[in-house]
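Student:
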DNA sequence: CACCACTCCTGCCCGC
DNA sequence: TGCGGGCAGGAGTGGT
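In this note's numbering, the protein residues as written are 137 to 406.
(1) The beta strand (DSSP E) with residue 195 in it runs from where to where?
(2) With a threshold of 8 Å on Cβ separation, who are the neighbours of residue 374 within its own chain once the five nearest residues in sequence on each side are excluded?
(3) Under DSSP, the beta strand (DSSP E) around residue 398 begins and ends at which residues?
(4) If I follow the unbroken beta strand (DSSP E) through residue 190, where does it start and stop?
(5) Do you know offhand how far residue 158's Cα is from residue 244's?
(6) Using three-state DSSP, classify residue 247 as helix, strand or coil.
(7) Tell me whether residue 234 sits in a helix, a strand or coil according to DSSP, three-state version.
(8) DSSP three-state label for residue 227, please.
(9) Report the rounded CA-to-CA distance for residue 387 versus residue 381, giving the unit in angstroms.
(10) Provide the residue(s) that pair with residue 208 in DSSP beta bridges, ordered along the chain.
(11) What do you reckon, are the CB atoms on residue 343 and residue 141 nearer than 8 Å?
(12) Taking the beta carbon of residue 171 as the centre, do at least 16 other beta carbons fall within 10 Å, making it buried, or is it exposed?
(13) Taking the straight line between their C-alpha atoms, what separation do you get for residue 336 and residue 225?
(14) In whole angstroms, what separates the C-alpha of residue 233 from that of residue 345?
(15) Closest by CA to residue 143, which one among 191, 257, 393?
(16) Return helix, strand or coil for residue 263, following the three-state DSSP convention.
(17) Which term fits residue 330, buried or exposed, when burial requires 16 or more other beta carbons within 10 angstroms of its beta carbon?
(18) Decide if residue 293 is buried, meaning its Cβ has at least 16 other Cβ atoms within 10 Å, or exposed.
(19) Only counting runs of 4 or more residues, tell me where the alpha helix (DSSP H) segments fall wholly within the segment 281–349, in order along the chain.
(20) Report, in whole angstroms, the separation of the C-beta atoms of residue 299 and residue 265, which I expect to be a contact under 8 Å.
(21) Grab the span of the beta strand (DSSP E) containing residue 181 for me, first residue to last.
(22) Based on the DSSP secondary-structure assignment, which residues constitute the bridge partners of residue 392?
(23) Looking only at C-alpha atoms, which of 236, 222, 221, 240 sits nearest to residue 228?
(24) Quick check on residue 380: does DSSP put it in helix, strand or coil?
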């Protein structure tokens, strides 16, 4: 499940291969993603040079000067750099071809997105509503404390709300709360200033550790499945229901919070 | 406005 | 062994 770290690893994996390159062709094999892939991308993009690839939350934003291609990997999407002549495998719905190489999107569950916007990408409705970047210097205990005072929601669903914090999904919300020693059920407004500090640090640490873990596999984005660096990290709590806590041995619990599986150690997290 | 449930989709796992 | 059912999840949408 691509969350912020996986998307950032993807960005780092593909950027050196495609930045500065000019689009020669766009191939759409299946338009049926979360929203239909727009028609006319081939005509619109051919001849344009990709200036840079940036990330906002879980979105990849490809700057073409006159406009931006917005990519989202949904929960099963991956991007790789490949030979445009190679036979597409199942679920490889979209190619962005730069002469002798291509960016190829695979997305079995089709929760992902490929969209185009002209002008300022930050003004696009999907991007404009995103909350703070958790790896930005602005994201701190001070920010978290100030922005949760009137929140009745429990901290875990709040952390996963992209309109508040962009890019933290279920895996890293669970892991961050474990690292911070905070119960996922704590009402956000009840978190002390000190605990907000702890949590902001834990979120950044957790995300950075995951990025570092995936960084060793960057070359896999070329002629590979583009996803091999993802699940190598050891989780403290995620998907470990019924197993002993790696820190204290207490059995890891499982509950539903905001329709999502929530894993936690009742001894380590209060 | 804040929050919540619902929804999209398919691979995978479990039980029979 | 094969099949059906349930589950997983990002995040937009619409209801309360």
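Yeah, the Cβ is synthetic: ideal placement off N, Cα and C, and Gly gets one too.
Tutor: So, from the data block:
(1) Here the question's residue 195 lines up with position 59 in the first chain. Where residue 195 is concerned, the enclosing beta strand (DSSP E) starts and stops at 195–199.
(2) As a first step, residue 374 is located in the first chain; it is residue number 238 there, counting from the start. Taken in chain order, the residues that qualify are 306, 307, 310, 311, 399.
(3) For the purposes of this step, residue 398 is taken as residue 262 along the first chain, with counting starting at 1. It spans 396–400 - the beta strand (DSSP E) in which residue 398 sits, taken as one unbroken run.
(4) Here residue 190 corresponds to residue number 54 of the first chain, with the count starting at 1. From DSSP, the beta strand (DSSP E) with residue 190 extends over 188–192.
(5) Here residue 158 refers to the residue found at position 22 when the first chain is read from its first residue. Here residue 244 refers to the residue found at position 108 when the first chain is read from its first residue. Using only the alpha carbons, I get a separation of about 28 Å.
(6) Here residue 247 refers to the residue found at position 111 of the first chain. Looking at residue 247 - three-state DSSP - the assignment turns out to be coil, as it is neither helix nor strand.
(7) As a position in the first chain, residue 234 is number 98, starting the count at 1. If DSSP states are grouped into helix, strand and coil, residue 234 belongs with the strands.
(8) Residue numbering aside, residue 227 sits at position 91 when the first chain is read from its first letter. Three-state DSSP puts residue 227 in coil, outside helix and strand.
(9) Here residue 387 is taken as the residue at index 251 of the first chain, counted from 1. Here residue 381 is taken as the residue at index 245 of the first chain, counted from 1. A straight-line Cα-Cα distance of about 6 Å links residue 387 and residue 381.
(10) In the first chain, counting from the first residue as 1, residue 208 sits at position 72. In the DSSP assignment, residue 208 forms a beta bridge with 195, 249.
(11) Walking along the first chain from the start, residue 343 turns up at place 207. Walking along the first chain from the start, residue 141 turns up at place 5. Yes, they are a contact pair.
(12) Position 35 of the first chain, counting from 1, holds the residue named residue 171. Answer is exposed; the Cβ neighbour count stays below 16.
(13) Position 200 of the first chain, counted from the start, is the residue given in the question as residue 336. Position 89 of the first chain, counted from the start, is the residue given in the question as residue 225. Per the coordinates, the alpha-carbon of residue 336 lies some 41 Å from the alpha-carbon of residue 225.
(14) By 1-based counting over the first chain, the position of residue 233 is 97. By 1-based counting over the first chain, the position of residue 345 is 209. CA-CA distance, residue 233 to residue 345, rounds to 32 Å.
(15) On the first chain, position 7 is the one that residue 143 refers to. With respect to the C-alpha of residue 143, the residue from 191, 257, 393 having the closest C-alpha is 191.
(16) For the purposes of this step, residue 263 is taken as the residue at position 127 of the first chain. If DSSP states are grouped into helix, strand and coil, residue 263 belongs with the helices.
(17) Residue mapping note: residue 330 aligns to position 194 of the first chain, counting from 1. Under the 10 Å beta carbon count, residue 330 is surrounded by fewer than 16 other beta carbons and is classified as exposed.
(18) On the first chain, residue 293 is found 157 positions in, with the first residue counted as 1. By the neighbour-count rule (16 or more Cβ atoms within 10 Å), residue 293 is buried.
(19) Within the segment 281–349, the complete alpha helix (DSSP H) runs of at least 4 residues are 291–295, 306–316.
(20) Position 163 of the first chain, counting from 1, holds the residue named residue 299. Position 129 of the first chain, counting from 1, holds the residue named residue 265. Yes, residue 299 and residue 265 are in contact; Cβ-Cβ is about 5 Å, under 8 Å.
(21) Indexing the first chain from 1 puts residue 181 at position 45. Counting along the chain, residue 181 falls outside any beta strand (DSSP E), though it belongs to the alpha helix (DSSP H) covering 177–181.
(22) Within the first chain, residue 392 is the residue found at index 256, counting from 1. For residue 392, the pairing in a beta bridge is given by DSSP as 397.
(23) Your numbering for residue 228 matches position 92 in the first chain. Closest option to residue 228, Cα to Cα, is 240.
(24) The residue given as residue 380 occupies position 244 in the first chain. The answer is strand: DSSP assigns residue 380 an E or B state.
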